[in-house]
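In what follows, a single structure is set out as structure tokens and then discussed.
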């Protein structure tokens with residue numbers, strides 16, 4: 001009994017505790033489950049927040065890159081409009097565009113802006129001549145002959161770092177050519193794949209790309225692809241080093257997000273363009289994404305990845321771990337239910353506080369954006385009343401905010417276009433417009449850009465969000481660019497584009513009124529001499545002065561334009577007869593010919609004027625201008641400082657000369673020129689001591705032409721310099737070939753024209769010819785006319801000294817026909833005088849010529865100069881020259897000019913007999 005008594009309470013207690021134990025186990029189990037669930041939810045929330053923040057950060061970086069590249073493209077479009085309207089820019093023109101757009105200040109990251117000129121092979125020589133006015137050392141690279149070229153002719157900034165890019169032919173590089181073709185055909189900007197810039201060191205390449213914008217004639221983009229190809233002038237382009245560009249756009253490399261840029265839609269070998277953290281493994285990052293960027297016809301793949309520092313800022317994983325540990329601890333202490341209820345309530349309160357704080361922060365940010373926006377922001381209700389506005393809008397309105405809120409914009413706006421835009425926005429339409437508007441309390445009328453965006457809530461209009469920006473400054477800048485596109489920046493006169501427009505308008509008006517108009521084409525005589533002797537600055541001053549003088553010679557209704565270089569055009573409207581043209585022409589000639597003082601120099605410039613009258617001399621603007629140009633050239637040939645009216649005969653001659661010019665350009669391109677050589681001999685023993693090089697043209701239809709048939713046209717059309725360069729190289733190569741064949745070493749004489757002598761690159765041409773041929777400098781002699789030397793003695797002396805330093809012989813050709821000063825002659829670094837054939841022809845019979853020849857020979861002896869006579873045709877002339885000390889001679893008495901193969905045969909024959917067979921007469 002006692003035992004039973006004792007045992008019963010123990011069993012009852014155990015039985016009573018069993019449910020509690022199960023409750024404890026149940027509580028522990030439930031607590032653990034709830035703890036695990038809380039940990040999982042907390043971890044997911046933290047991951048979602050981190051993912052959202054990472055995407056926002058990468059979107060911010062992506063938008064920055066896209067906005068900056070779009071801005072660069074817009075700069076090139078502005079340059080496209082300017083250059084298309086003004087024509088190919090020279091160095092000064094590109095510098096003005098660079099300064100106007102303030103590219104260095106407003107668009108960091110560009111290595112420079114270049115102009116790329118497009119041309120065919122037939123235009124190459126003319127383009128090289130034009131560019132060498134600004135860049136004397138200009139040459140096209142890579143060398144060689146191609147059908148098409150796209151050559152960099154100007155660069156800004158014009159620094160020593162950027163200069164190597166001048167002359168680079170982008171068309172010769174397949175990758176760049178493909179991008180150029182795409183830019184030309186599309187009319188939009190295009191960028192290249194990854195490449196190395198010309199100015200960078202190949203040993204340490206930096207990834208880079210180029211952005212091209214095609215430029216078309218007249219500044220507009222043709223509608224069709226064929227039209228764009230036909231109207232192509234060239235390209236404005238900019239280069240970017242991708243690493244420097246990214247650093248400039250994003251500041252310091254982000255400490256929390258890494259990015260990689262691939263120059264392809266899909267990453268692959270060789271596509272990596274830029275990496276902010278080269279050693280970072282993107283696949284190891286918890287958060288990473290890829291976005292595509294379409295720019296300039298290419299797709300860039302940009303990979304973003306969160307760095308460890310980014311994930312550490314969130315701290316979500318640590319909070320989740322603490323939650324799990326706390327739940328487990330509470331579960332073990334059997335307070336899981338109470339704790340769970342308490343923590344659930346705490347989480348709810350925390351979430352509520354966070355949501356409240358998030359809403360407040362969002363409202364604060366939105367309010368800050370609203371208040372601090374640099375443009376006017378305002379809200380309208382469905383009745384057109386102002387709900388709210390920022391300070392910028394109040395500033396535009398000239399009224400405090402508290403006085404403008406609540407007023408009806410529709411009632412106060414007197415601009416019908418603005419009222420209509422507001423009504424359309426209230427009706428649910430997004431509206432944009434630009435218009436001038438004067439607020440009631442404002443004293444001026446700026447131009448505004450308006451944007452109205454309706455905002456709906458549950459399908460109904462909540463309000464209209466409105467943006468307004470003062471774009472007056474931008475409009476002024478656009479007007480300035482428009483002015484640059486239609487006016488000459490140096491003189492302020494109308495340029496070629498504006499002249500063409502006004503001429504077309506004048507022709508239309510004259511057609512309706514049955515009146516006449518006239519074109520006066522003015523060219524300044526010897527203007528190039530001013531540039532070459534005093535410098536381009538003095539030349540610019542002269543052009544500005546001449547523009548001012550010519551303004552006083554025309555009426556307000558007439559147009560005065562400068563169309564390039566020293567060429568001016570006057571458009572006369574409503575003329576009654578030829579006397580109206582004559583009066584303006586005579587006034588212009590008189591104004592131009594007045595002496596002009598620039599610094600210490602006095603210039604007496606004259607002008608040649610060609611006149612063409614519509615409709616007799618041309619039905620359209622192009623024909624009329626061209627015929628006035630033809631008449632101007634006739635005025636120059638008639639002695640300059642006069643005017644000439646266009647006639648049909650002039651047109652025929654002009655067409656003939658134009659055909660000859662085209663043929664000459666083809667001859668240069670197709671290598672139709674050849675050299676003949678005339679022997680220079682020792683008059684005593686008949687041995688050949690040298691040869692003079694003479695140019696011939698093997699015309700495919702007219703046969704062999706002497707220089708008298710084409711030299712004048714070559715000089716007038718700027719072809720004499722490339723022809724002279726060809727003669728130099730061909731003569732040196734031929735003489736070197738004879739040397740290598742084992743024939744006697746002879747000195748070859750090459751004539752240098754006065755125009756070629758004035759060119760800055762003559763010294764380079766001589767050095768190139770010697771280097772390419774391998775001919776020793778001592779075997780080359782340059783024959784320079786007396787007149788060319790005396791034109792500018794100081795320049796001639798300096799240049800001849802440089803030529804002598806190369807080891808080349810300098811000879812005065814046609815000596816005695818000019819007006820040499822003996823004092824100057826003594827100072828010139830020359831080695832030989834050539835007696836002109838006009839003095840040799842009548843010796844020894846003519847006493848005057850005999851005396852002149854004797855004096856020249858005596859002068860040469862006194863100055864210790866070599867002497868040679870040309871035009872020796874008789875034995876009597878030979879004996880006379882020998883008797884007076886002139887041993888070197890050339891002429892038909894010894895040999896006529898011979899083609900290279902025949903002259904080679906003559907050398908072989910002379911080598912056998914040690915003398916050339918002399919004729920007994922001619």
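In the UniProt record's numbering, the protein residues as written are 1 to 922. Don't be surprised by glycine CBs; every beta carbon is placed ideally from N, CA and C. Only a predicted model underlies this, so the values are computations on that prediction, with no experimental measurement involved.
Item to check | Assigned secondary structure, residue 493 (DSSP; H/G/I helix, E/B strand, else coil) | outcome: coil
Item to check | Contacting residues, own chain, Cβ-Cβ under 6 Å from residue 149 (five flanking each side not counted) | outcome: Within the same chain, Cβ atoms closer than 6 Å to the Cβ of residue 149 are found at 119, 169 and 171, the five residues on either side in sequence being excluded.
Next on the checklist: Give me the residue from 470, 498 and 814 with the minimum Cα distance to residue 832.
Outcome noted: 814
Checklist entry - Taking Cβ positions, are residue 183 and residue 115 nearer each other than 9 Å? => result no
Next on the checklist: So, for residue 465: in the same chain, excluding its five sequence neighbours on each side, which residues have a beta-carbon less than 7 Å away from its beta-carbon?
Outcome noted: 379, 453 and 455
Checklist entry - Does the separation of the CB atoms of residue 826 and residue 812 fall below 9 Å? => result no
Checklist entry - Taking the alpha-carbon positions, what's the residue 769 to residue 590 distance? => result 46 Å
Next on the checklist: With H, G and I counted as helix, E and B as strand and the rest as coil, what does DSSP make of residue 743?
Outcome noted: Reduced to three states, the DSSP call for residue 743 is coil.
Next on the checklist: Could you compute how far the alpha carbon of residue 344 sits from the alpha carbon of residue 404?
Outcome noted: With a pLDDT of 49 at residue 344, under the threshold of 50, the modelled position of that residue is not reliable, and no figure is offered here.
Item to check | Proximity below 9 Å, CB of residue 752 to CB of residue 782 | outcome: yes
Checklist entry - CA-CA distance, residue 400 and residue 375? => result Each residue's Cα considered, the two are about 16 Å apart.
Next on the checklist: Just list the residues that DSSP pairs residue 682 with in beta bridges.
Outcome noted: 888
Item to check | Reference residue 392, options 357, 425, 435 and 448, closest by Cα | outcome: Per the C-alpha coordinates, the member of 357, 425, 435 and 448 positioned closest to residue 392 is 448.
Checklist entry - Less than 9 Å separating the beta-carbons of residue 871 and residue 896? => result no
Checklist entry - Exposed or buried, what is residue 480 when buried is set at 16 or more other beta-carbons lying within 10 Å of its beta-carbon? => result exposed
Next on the checklist: Once the 5 residues before and after residue 253 are set aside, which same chain residues still bring their CB inside 6 Å of it?
Outcome noted: Below a pLDDT of 50, predicted positions are generally treated as unreliable, and residue 253, at 47, falls in that range; the measurement from the model is reported next regardless. Same-chain partners within the cutoff: 276.
Checklist entry - Quick one, are the C-beta atoms of residue 154 and residue 101 less than 9 Å apart? => result no
Item to check | Distance, residue 721 Cα to residue 744 Cα | outcome: 31 Å
Item to check | Every unbroken alpha helix (DSSP H) inside the region 57-119 [4 residues or more] | outcome: 91-101 and 103-106
Checklist entry - At a cut-off of 8 Å, is residue 504 close to the ligand MG when judged by its beta-carbon and the heavy atoms of the ligand? => result In the structure shown, the ligand MG is absent, as is every other ligand, since no ligand is present at all.
Checklist entry - Based on the DSSP output, what are the partners of residue 568 in its beta bridges? => result 522 and 562
Checklist entry - Alpha carbon to alpha carbon, what distance is there between residue 849 and residue 888? => result Rounded to whole angstroms, residue 888 to residue 849 spans 19 Å at the Cα level.
Checklist entry - Can you name the start and end residues of the alpha helix (DSSP H) that residue 808 belongs to? => result Run containing residue 808: none; DSSP gives neither H nor E here.
Checklist entry - Should residue 647 and residue 631 be called a contact, given that it needs their Cβ atoms to be closer than 9 Å? => result yes
Checklist entry - Hey, is the region 537-550 in contact with the region 564-578, meaning 3+ C-beta pairs nearer than 8 Å? => result With the cut-off at 8 Å, the region 537-550 and the region 564-578 touch.
Next on the checklist: Suppose only complete runs of 4+ residues qualify. What are the alpha helix (DSSP H) ranges in the region 445-513, listed by chain order?
Outcome noted: Runs of the alpha helix (DSSP H) inside the region 445-513: 472-486 and 496-513.
Checklist entry - chain C beta carbons: is any one of them nearer than 9 Å to that of residue 215? => result Given the protein chain composition of this structure (a single chain), no chain C is represented.
Checklist entry - Per DSSP, which one or two residues make a beta bridge with residue 168? => result 141
Checklist entry - Does the Cβ-Cβ distance between residue 643 and residue 593 come in under 9 Å? => result For residue 643 and residue 593, no; Cβs fall outside 9 Å.
Next on the checklist: Quick check for students: name the residue ranges of the beta strand (DSSP E) that lie wholly in the region 828-895, counting only runs of 3 or more.
Outcome noted: If you keep only unbroken beta strand (DSSP E) runs of at least 3 residues inside the region 828-895, you get 832-835 and 866-869.
Item to check | Residues near residue 844 in its chain [Cβ-Cβ closer than 6 Å; skip 5 each side] | outcome: 850 and 880.
Checklist entry - CB residue 498 to CB residue 416, shorter than 9 Å? => result no
Checklist entry - Any idea what DSSP makes of residue 303, helix, strand or coil? => result strand
Item to check | Helix, strand or coil at residue 732 according to DSSP, with G and I counted as helix | outcome: helix
Next on the checklist: Measuring straight from C-alpha to C-alpha, what distance separates residue 626 and residue 76?
Outcome noted: 33 Å
Item to check | Cutoff 7 Å; reference residue 679; Cβ partners in own chain excluding five residues on either side | outcome: Answer for residue 679: 688, 691, 890, 894, 895, 906 and 916, listed in chain order.
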